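Heads up: the structure comes next, in structure tokens.
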Amino acid sequence: MPHHYSRAQKAHQESHDGVRLQKVLAQAGFGSRRKCEVMITDGRVEVDGELVTELGVRVDPQHQEIRVDGSRIHLSNKHITLALNKPRKVLSTMDDPKGRWTLRDIVGDRYERIFHMGRLDYDTEGLILMTDDGELAQHVMHPKYEIEKTYIATVEGHIGGGVCHRLVRTGVQLDDGWIKLDQCSIITQNRERSVLKVVLHSGRNRIVRRIFGSIGFPVTRLIRTQIGPISLGELKSGSYRILSTHEVNSLHKAVGL
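In terms of full-length UniProt numbering, the sequence shown opens at residue 1 and continues consecutively.
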């Protein structure tokens, strides 16, 4: 169990050195300073492994470990992480010798050493995360951390609820093994087509298209709307935005950093 901040450490931190803890939390995206003060007094914040419950403590966020509800906050500005809404007919790469549109045509050359975390196939739209943080990218893409990905899939034909249930419960066998969905729900449908919300962990190539194609429901449109805690939201096709510190922190937490 975490223990209360020691008097000696507290006396040191309440000197004029450092930044007030509630200001650091606010800068990290946890809300207003007043809200962050409540988080402190509610016993949700630790500094260097010790619980802080009183206001007035000053910290050095570059050299001290600060955690909220057990998860470390990250304030470093040395890395950049983007959310990009990839249109169809854009390659999930930074360069193409054939001159086709790539992610670089969207983000330009403004960010040095930035690269994409995972891919979407040529005809699939939606969320791609990009970063210059190698450690974060490794965790997001590694199967070990099983980060969830959410898609909106339009398929040919009228798909029944029983099919969705079977894809979650037992899955299907593809040429590279069995695969199950984490969630599958019908958004809307008619005789000609069905629109589904699909959630799964797998990062296998063209996995959503292959799953539904294998059972006779070819995918005609596919949009990735979420990766872990990061949502596409209202981001327009062909544009991107910089993730907030709070979003980056949530992504770190989702992949065990």
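Each residue gets a CB set at the ideal place from its N, CA and C atoms; glycine is no exception. Only a predicted model underlies this, so the values are computations on that prediction, with no experimental measurement involved.
For residue 15, count neighbouring Cβ atoms within 10 angstroms of its own Cβ and tell me buried if that reaches 16, exposed if not. By one-based count along the sequence shown, residue 15 stands at place 15. Because residue 15 sits at a pLDDT of 43, beneath the cut-off of 50, its placement in the model cannot be relied upon, and the following sentence gives the value as read from the coordinates. Exposed.
With contact counted as at least three CB pairs below 8 angstroms, one residue from each stretch, are the segment 85–98 and the segment 110–130 in contact? yes
So is residue 61 buried or exposed if we call it buried at 16+ other beta carbons inside 10 Å? Along the sequence shown, read from residue 1 onward, the residue named residue 61 stands at position 61. Label assigned to residue 61: buried.
By the three-class DSSP mapping on this structure, what secondary structure does residue 30 have? Position 30 of the sequence shown, counted from the first residue, corresponds to residue 30. Here residue 30 sits in coil by DSSP.
Using only alpha-carbon positions, find the residue among 191, 214 and 187 that is nearest to residue 175. In the sequence shown, residue 175 corresponds to position 175, counting from 1. Comparing Cα-Cα distances from residue 175 to each of 191, 214 and 187, the minimum goes to 214.
Taking the straight line between their C-alpha atoms, what separation do you get for residue 167 and residue 245? In the sequence shown, residue 167 corresponds to position 167, counting from 1. In the sequence shown, residue 245 corresponds to position 245, counting from 1. Rounded to whole angstroms, residue 167 to residue 245 spans 36 angstroms at the Cα level.
Please list, in chain order, all residues of the same chain as residue 182 whose beta carbon is under 6 angstroms from its beta carbon, the five residues on each side excluded. Within the sequence shown, the letter at position 182 stands for residue 182. If we look at residue 182 and ignore the five residues flanking it on each side, its Cβ neighbours are 199 and 200.
Say whether the segment 208–224 touches the segment 148–156, bearing in mind that this needs 3 or more beta-carbon pairs closer than 8 angstroms, one atom from each stretch. yes
Can you give the Cα-Cα distance for residue 222 and residue 240, rounded to whole angstroms? Residue 222 sits at position 222 when you count from the first residue of the sequence shown. Residue 240 sits at position 240 when you count from the first residue of the sequence shown. Looking at the two C-alpha atoms, the distance is approximately 19 angstroms.
Can you give me the C-alpha to C-alpha distance between residue 218 and residue 161, rounded to a whole angstrom? Reading the sequence shown from its first residue, position 218 is the one you call residue 218. Reading the sequence shown from its first residue, position 161 is the one you call residue 161. Residue 218 and residue 161: Cα-Cα distance of roughly 17 angstroms.
Can you check which of these residues, 46, 54 and 79, is closest to residue 65 by C-alpha distance? Position 65 of the sequence shown, counting from 1, holds the residue named residue 65. Closest by alpha carbon: 46.
By Cβ distance, which residues of its chain are closer than 7 angstroms to residue 184, with the 5 residues on each side in sequence left out? Here residue 184 corresponds to residue number 184 of the sequence shown, with the count starting at 1. The residues are 164, 167, 168, 196 and 198.
Tell me whether residue 66 sits in a helix, a strand or coil according to DSSP, three-state version. Taking the sequence shown and counting its residues from 1, one reaches residue 66 at position 66. DSSP places residue 66 in strand when its eight states are reduced to three.
Inter-residue Cα distance where the pair is residue 232 and residue 50: Your numbering for residue 232 matches position 232 in the sequence shown. Your numbering for residue 50 matches position 50 in the sequence shown. Near 36 angstroms, if we compare the C-alpha coordinates of residue 50 and residue 232.
Where does residue 78 sit, in a helix, a strand or coil, going by DSSP? Position 78 of the sequence shown, counted from the first residue, corresponds to residue 78. Correct three-state label for residue 78: coil.
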